[in-house]
Each structure stands twice: as C-alpha cells, then as structure tokens.
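Report on the structure given below.
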Amino acid sequence: MLYTVNKAPLSASSLSSVLRIAPVGAPVLLYEDGVYAAVPGAQSAAMVESMLSGHPIYALDADLEARGIRSVIRGIHVISYDGFVELVEQHDVAPWL
Amino acid sequence: MSEVAVLMRKAPYGTVYTAEGFRTLMGIAVFEMEISVVFVDDGVYALVAGQAPGKLDMKPLGDAFPMLSEFGVTDFYVHDESLQERGLTADDLVMDVTIVDSAQVAHILESAGKVLPF
Chain A
24 MLYTVNKAPL SASSLSSVLR IAPVGAPVLL YEDGVYAAVP GAQSAAMVES
74 MLSGHPIYAL DADLEARGIR SVIRGIHVIS YDGFVELVEQ HDVAPWL
Chain B
23 MSEVAVLMRK APYGTVYTAE GFRTLMGIAV FEMEISVVFV DDGVYALVAG
73 QAPGKLDMKP LGDAFPMLSE FGVTDFYVHD ESLQERGLTA DDLVMDVTIV
123 DSAQVAHILE SAGKVLPF
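Okay, here's the thing in structure tokens:
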C-alpha cells in the first residue's frame with residue numbers, strides 16, 4: 024500500500040499519523056504541501072529520518088520546485104510525475120488527506 | 023488612518039489562501055490604509071526565495087510580495103520561531119522583512135485591531 028501525504032508536517036498531523044499506521048516497508052509519497060517534510064533542518068526532519076529506516080520515501084519534483092525547496096533529506100527519492108504514475112501502478116493507494 | 027493586519031498562516035500553492043491574501047492586500051492598499059503583513063506558521067513558506075511553480079501551471083507567489091511596496095505596503099513581519107522550526111532563516115526569504123518574536127506578533131495584531139486571516 025502506498026501512503027500519500029499532501030499536508031505540511033508542522034501544521035497538520037498527517038505525516039505523524041502515517042508513521043503510526045503504515046506497516047514497515049510501505050512506501051510513502053510526499054506531494055503538494057507534504058513535500059515540506061523533505062526539508063533538511065526542519066523540526067520534522069528527525070521524524071522523517073527515523074521513518075526512512077522503515078519506509079521508502081518519495082517526493083514529487085514539481086512540488087519541490089514550486090516551493091523553492093532545492094535540497095531534500097538524504098535518502099528521500101525525488102520523482103517526476105512519471106515516477107508518481109509508476110508508483111500508483113505498482114501499489115494500491117492509501118491517501119492520508 | 024485606518025489600520026489593518028493581514029495574517030498569513032498557510033503555505034502557498036497547496037491551498038488558495040496565500041493567493042487570496044495577496045489579492046486582498048492589493049485591494050486594500052488602494053484605500054491607503056496602514057497595513058501590516060504578518061507571516062506565522064506555514065505562512066513563512068510564502069516568502070521563501072526560488073519558488074518555481076511552472077510545472078503546477080501557477081505563478082510564483084513569493085516574487086509578488088516585494089512588489090507590494092509600490093502600492094505602499096511596506097511593513098512585513100515574519101515570526102522567528104516559525105522560521106526556525108522549518109529550518110529557515112531570514113536569508114532564505116525573497117525580501118527584507120522585520121523578524122519578530124511571539125510577543126511582538128501579538129502586539130502588532132492588537133494594535134491594528136482588525137485582523138484579516140489567510
């Protein structure tokens with residue numbers, strides 16, 4: 024199951040909720056305001072770094088670019104819309120809106 | 023002169039709040055009101071430099087705020103803790119702003135009296 028998060032980590036609990044529910048190994052996709060969780064040095068970074076040991080994490084490049092985010096936490100896979108489509112083809116989706 | 027504070031608390035692009043807040047600023051600037059623009063929580067993301075939302079088919083909102091000075095809107099305040107929590111500093115922003123602490127944010131809102139939230 025692919026867990027998708029589109030809310031920023033400090034003003035919404037979506038990402039911490041996914042962390043609590045998603046079984047180890049489940050991929051997590053950050054898109055729209057969810058990509059703010061990929062920013063190194065943010066207060067949420069420790070949570071994301073600990074998540075990386077149990078989950079592949081992806082972030083959508085168009086949403087990173089839009090928000091001026093030039094670097095992401097090491098280990099996060101930056102993907103394009105094509106990569107997004109591939110993930111959705113490979114997995115059922117649990118949207119954590 | 024009438025005073026108003028425009029309070030920005032949402033990230034750009036994910037919702038329409040930032041764009042609508044900007045439109046409101048343009049609108050009320052015409053009436054020569056004394057306007058303070060205050061960025062708190064995810065609102066600080068609106069001023070991050072280097073926004074390029076072309077792939078989302080949107081216009082960069084960050085670049086719009088510095089242009090407001092041409093309409094007499096020059097008092098921009100950014101909450102220090104909101105920046106720090108997000109791994110940002112004043113150097114990451116598109117323009118020179120006044121960095122303020124929580125008590126100063128409260129004071130700005132209080133002295134304006136009227137707060138327009140976005």
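In the order they appear, the protein sequences are chains A and B. If you read the first sequence in our numbering, its first letter stands for residue 24, the second for the next number, and so on. If you read the second sequence in our numbering, its first letter stands for residue 23, the second for the next number, and so on. The beta carbon of each residue, even a glycine, is placed where N, CA and C say it ideally should be.
Option in the options with minimal Cα separation from residue i
i	options	result
B/D97	B/V60, B/S104 and B/K81	B/V60
B/V137	B/G49, B/M48, B/M80 and B/I57	B/I57
B/A48	B/D123, B/L131, B/D102 and B/L90	According to the sequence provided, residue 48 of chain B is Met. The question's Ala does not apply to it. That would be B/L90, whose Cα lies nearest to the Cα of B/M48.
A/L87	A/D105, A/F107, A/E112 and A/Y59	A/Y59
B/V38	A/D56, A/S76 and A/I80	A/D56
A/V47	A/S76, A/A82, A/Y54 and A/R90	A/S76
B/D85	B/E92, B/G76 and B/V70	B/V70
Contacting residues, own chain, Cβ-Cβ under 7 angstroms from residue i (five flanking each side not counted)
i	result
A/I96	A61, P63, A68, V71 and E72
A/S40	W119
B/D114	V70 and A71
Below-8 angstroms beta-carbon distance, residue i vs any chain A residue
i	result
B/V70	yes
B/D64	yes
B/K136	no
B/Y39	no
B/G152	Because chain B spans 23 through 140 in this model, residue 152 of chain B falls outside it and cannot be assessed.
B/A33	yes
B/G36	yes
B/R45	no
B/K81	no
B/E42	no
B/Y67	yes
Beta-bridge partners of residue i, as assigned by DSSP
i	result
A/Y26	A/V51 and A/A117
B/T120	B/Y99
A/I32	In the sequence under discussion, the amino acid at residue 32 of chain A is Pro, which differs from the Ile named in the question. Answer is none; A/P32 lacks a bridge partner.
A/V92	Strictly speaking, residue 92 of chain A in this sequence is Ile, with Val absent from that position. A/I92 is not bridged to any residue.
B/V137	B/A27
B/L115	B/V70
First and last residue of the uninterrupted beta strand (DSSP E) at residue i
i	result
B/F61	E56 to F61
B/F98	D97 to H101
B/E25	E25 to M30
A/V101	H100 to I102
A/L75	Taken as a continuous stretch (DSSP letters only), A/L75 belongs to no beta strand (DSSP E), being part of the alpha helix (DSSP H) at A68 to L75.
A/Y81	I80 to L83
Limits of the unbroken alpha helix (DSSP H) element including residue i
i	result
B/T46	Y39 to A51
A/V41	S37 to I44
B/A68	Neither: B/A68 is in no alpha helix (DSSP H) and is coded neither H nor E.
Cutoff 8 angstroms; reference residue i; Cβ partners in own chain excluding five residues on either side
i	result
B/T40	M30, K32, A33, P34, G65, A68, L83 and F140
B/L78	Y35
Below-8 angstroms beta-carbon distance, residue i vs any chain B residue
i	result
A/V62	yes
A/Y59	yes
A/R97	no
A/G91	yes
Residues near residue i in its chain [Cβ-Cβ closer than 6 angstroms; skip 5 each side]
i	result
A/D84	V101 and S103
A/A117	M24 and Y26
beta-carbon residue i near the ligand NAD non-hydrogen atom, thresh 7 angstroms
i	result
A/L38	The ligand content of the structure shown is nil, which means the ligand NAD is not present either.
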